[in-house]
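Number of protein chains: 2
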Amino acid sequence: MSSPLFGGIEAGGTKFVCAVGTDPDTLLHETRFPTTTPDETLRRALDFFRAIQRETPLAALGIASFGPIDLHPTSPTYGFITSTPKPGWANTDVVGFFARELGLPIGFDTDVNGAALGEYRWGAAQGLDTFLYLTIGTGIGGGAFVNGRLVHGLLHPEMGHIRLPRDPNRDPFEGICPYHGDCLEGLCSGPALAARWGQNAETLPADHPAWELQAHYLGLALATFICTLSPQRIILGGGVMNAPHLLPLVRTATQQALNGYIHVPAITEQIDAYIVAPGLGNRAGVLGAIALAEQTWKERSSL
Amino acid sequence: MSSPLFGGIEAGGTKFVCAVGTDPDTLLHETRFPTTTPDETLRRALDFFRAIQRETPLAALGIASFGPIDLHPTSPTYGFITSTPKPGWANTDVVGFFARELGLPIGFDTDVNGAALGEYRWGAAQGLDTFLYLTIGTGIGGGAFVNGRLVHGLLHPEMGHIRLPRDPNRDPFEGICPYHGDCLEGLCSGPALAARWGQNAETLPADHPAWELQAHYLGLALATFICTLSPQRIILGGGVMNAPHLLPLVRTATQQALNGYIHVPAITEQIDAYIVAPGLGNRAGVLGAIALAEQTWKERSSL
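So the sequence lines, in the order shown, correspond to chains A and B. Start counting the first sequence at 103; every next residue gets the next number (this note's numbering). Start counting the second sequence at 103; every next residue gets the next number (this note's numbering).
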């Protein structure tokens, strides 16, 4: 066959999505199941890929995982999910398990870094060298691509936990983050919206004041990310962003937060092309995992 | 001669520092003068380098400049200081002037990116691939080095302008940034301290409550930069950091702001080696300009 076939796992705290394919137009198999114990969940993913391997060889496997995870290639716990509060999952050797059982090269990164790589490869970030992918859903997290590569650094970014100004007179809600209270995730994640308004984001009508406040905070957060990372584009994914009226509000709120300080046309004139939805829609996660596999395969091939 | 000689300009909004050398141990000539009009200031720098060129050829010139500046190599205004509020300096072609007059390759970047590169080359960031240099002085700005290269992206980072939570009951001071009021620079720059306390930072005694509050805000800011960039180290320079009691307070405040969320020994156990003073001291700026020259010369040599 001409193009190699890759496996991908979007390893989320709630569900796993496993797929096999080459690119967005060639996703041959896909399955999804809830995240239960590590043993049961990893076995179930393994069975899926083993069944496929009996028919067709895979070139590599990519895993885009919830975290925190260890990404240091020389660390003894490389490829582990490390200090997660998710019961049973702390110190789980994810990469080692699949490498041993499948005998494949494994690409491994955070779920949001995976999604960022997928958007770079086939979605809304093609051709850029510095951009940000942010998901606003059950949690809030950012994947950053800077100078042509995903950002790891000390650990990996944890963008949901930046602090924002909150005026208690306008907004007395103190946030739900167990570490920081009213950090970005504590104020703007799906569970934060549900706790604040007593109903899920999906049921809040478009004219509910929840959305102006949500956009206000997201605009402050994006302004901070712009001042820090200087991204060429920002991609907003995740379940909360499925509300179609939210994205235009966030664009305006980001301009208001910057208040003309970053004086470039991309922000002052062309914000609709600067803050965008994922080009891969809700397949960004699993396609990101496929992209991680492809990246690892290319790196191995060029050695 | 064995090692080539480089020129460097630390182009600040208040003063210019010009130097010639190869590295920190070989700074042969240095001069400094106030920043007046563009014509007078750039001519004065030119005269300095021309006099040296009559004796010894220079291999390249590096310019670490106040901004905002245009860093896009393909832009018609590449090498310009662009929309600065500094009178007379908006739309000044800095790179073009020196390239024409001296006939040298020119390395050009922000003052803080220059300082970051100098720290990478000879100072406190040697061997790292992702770190942050932050200056807290007349203004606040950050230079970021990610994946082995300085960050430019859309424009360049403007880290002084991130927003922070401020409790008006604890701190009624509304900040002095003309764009954002109480952003980081509006709360923590030297002029902000002077406006808030009615005296300059240098005259505030070590037990003045100013320092706890200053450290509190800087800790919040560093926590945000850690969550966003995941730096392997943070270097704090600038005049305000000359107060020797401030750095330990900032380390503690950063740990408090993160509240155990980023669970890595570098932060939880070895913070003294994680948040540090510049290895090059107050020569980080001009040595950064020399490092920009060296980088450009190496790039040209490898073509």
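Every residue gets a Cβ at the ideal spot worked out from N, C-alpha and C, and that includes glycine.
Short check: CB of A:Thr128 to CB of A:Cys120, under 7 Å? no
Residue range of the alpha helix (DSSP H) that B:Phe150 falls in? Counting along the chain, the alpha helix (DSSP H) containing B:Phe150 begins and ends at Pro140 to Glu157.
Can you name the start and end residues of the alpha helix (DSSP H) that B:Phe443 belongs to? The structure shown does not extend to residue 443 of chain B, since chain B is modelled only from 103 to 405, so the question has no answer here.
What residues from chain A crowd round B:Asn248, counting only those whose CB sits closer than 9 Å? One detail in the question is off: residue 248 of chain B reads as Val in this sequence, not Asn. Simply Thr232, Ala246, Val248, Asn249, Arg251, Val253, Gly255 and Leu331.
Compute the Euclidean distance between the alpha carbons of A:Cys279 and B:Pro170, then round it to the nearest angstrom. Annotation: A:Cys279 to B:Pro170 spans about 36 Å, alpha carbon to alpha carbon.
Give me the Cα-Cα distance between A:Ala162 and B:Gln334, rounded to the nearest whole angstrom. 30 Å
Just to make sure I have the definition right: I need the residues of chain A whose C-beta is within less than 8 Å of the C-beta of B:Ser185. Which are they? For a Cβ distance threshold of 8 Å, residue set His365 of chain A lies close to B:Ser185, ordered along the chain.
Inter-residue Cα distance where the pair is B:Met103 and B:Ala218: Because B:Met103 sits at a pLDDT of 45, beneath the cut-off of 50, its placement in the model cannot be relied upon, and the following sentence gives the value as read from the coordinates. Cα to Cα, the separation comes out at about 28 Å.
Going by DSSP in three states, B:Pro259 sits in which element: helix, strand or coil? Three-state result, B:Pro259: coil.
For chain A, find out if any of its Cβ atoms is closer than 7 Å to the Cβ of B:Pro293; answer yes or no. no
Option in A:Ala375, A:Arg272, A:Leu315 and A:Gly115 with minimal Cα separation from A:Leu351: A:Leu315
Are A:Ala368 and A:Gly339 close, meaning C-beta to C-beta below 7 Å? no
Buried versus exposed, by CB contacts within 10 Å (16 or more), A:Tyr281: Answer is exposed; the Cβ neighbour count stays below 16.
Under 7 Å, Cβ to Cβ, is there at least one residue of chain B near A:Gln334? yes
As a quick exercise: from B:Gly277, B:Ala308 and B:Gly283, pick the residue whose alpha carbon is nearest that of B:Ala296. B:Ala296 has its Cα closest to that of B:Gly277, out of B:Gly277, B:Ala308 and B:Gly283.
Is B:Ala345 closer than 7 Å to B:His318 when the C-beta atoms are compared? no
B:Arg265 versus chain A: which residues are under 8 Å apart at the beta carbon? Leu266, Pro267, Leu322, Ala325, Thr326 and Ala359
DSSP on A:Gly239, reduced to helix/strand/coil? coil
Nearest-angstrom beta carbon gap, A:Leu331 and B:Gly255 [assumed within contact, 8 Å]: 6 Å
Go through its chain and collect everything with a Cβ distance to A:Thr116's Cβ below 8 Å, but skip five positions before and after it. For A:Thr116, where only same-chain residues beyond five positions count, the Cβ hits under 8 Å are Pro136, Thr137 and Thr240.
At 4 residues or longer, and completely inside the segment 252–302 of chain B: list those alpha helix (DSSP H) runs for me, N to C. 286–290 and 292–299
Going along the chain, which residues of its own chain have a beta-carbon closer than 6 Å to the beta-carbon of B:Asn215, five neighbours each way excluded? Gly245 and Leu252
Would you mind stating whether B:Tyr392 and B:Gly205 have Cβ atoms separated by less than 7 Å? Inspection of the sequence shows that residue 392 of chain B is occupied by Ile rather than by Tyr. For B:Ile392 and B:Gly205, no; Cβs fall outside 7 Å.
Can you tell me whether DSSP reads A:Arg353 as helix, strand or coil? helix
Residue closest to B:Tyr363, alpha-carbon to alpha-carbon, out of B:Leu148, B:Cys329 and B:Pro267: Comparing C-alpha distances from B:Tyr363 to each of B:Leu148, B:Cys329 and B:Pro267 shows the shortest one belongs to B:Cys329.
Since A:Tyr281 meets chain B, which of its residues come closer than 9 Å, beta carbon to beta carbon? Leu360, Asn361, Gly362 and Tyr363
Once DSSP output is grouped into helix, strand and coil, what is the label at B:Pro398? What sits at residue 398 of chain B in the sequence shown is Thr, not Pro. Three-state DSSP puts B:Thr398 in a helix.
Helix, strand or coil: which one does DSSP assign to A:Ser167? Shown here, A:Ser167 sits in a strand according to DSSP, grouped into three states.
Own chain partners of A:Ala359 with C-beta closer than 7 Å, once the 5 adjacent residues on each side are dropped: Gly321, Leu322 and Ala325
Flag A:Met261 as yes if its beta-carbon sits less than 7 Å from any beta-carbon of chain B, otherwise no. yes
Enclosing beta strand (DSSP E) for B:Glu132 [first to last residue]: Leu129 to Pro136
Is the shortest distance between the beta-carbon of A:His258 and the beta-carbons of chain B less than 7 Å? yes
Taking 6 Å as the line, does the beta carbon of B:Val342 fall inside it for any heavy atom of the ligand MG? With respect to the ligand MG, the structure offers nothing, as it holds no ligand at all.
So is B:Glu112 buried or exposed if we call it buried at 16+ other beta carbons inside 10 Å? Buried.
What are the boundary residues of the beta strand (DSSP E) that B:Ala226 is part of? Looking at the DSSP string, B:Ala226 is not in any beta strand (DSSP E), and its letter there is neither H nor E.
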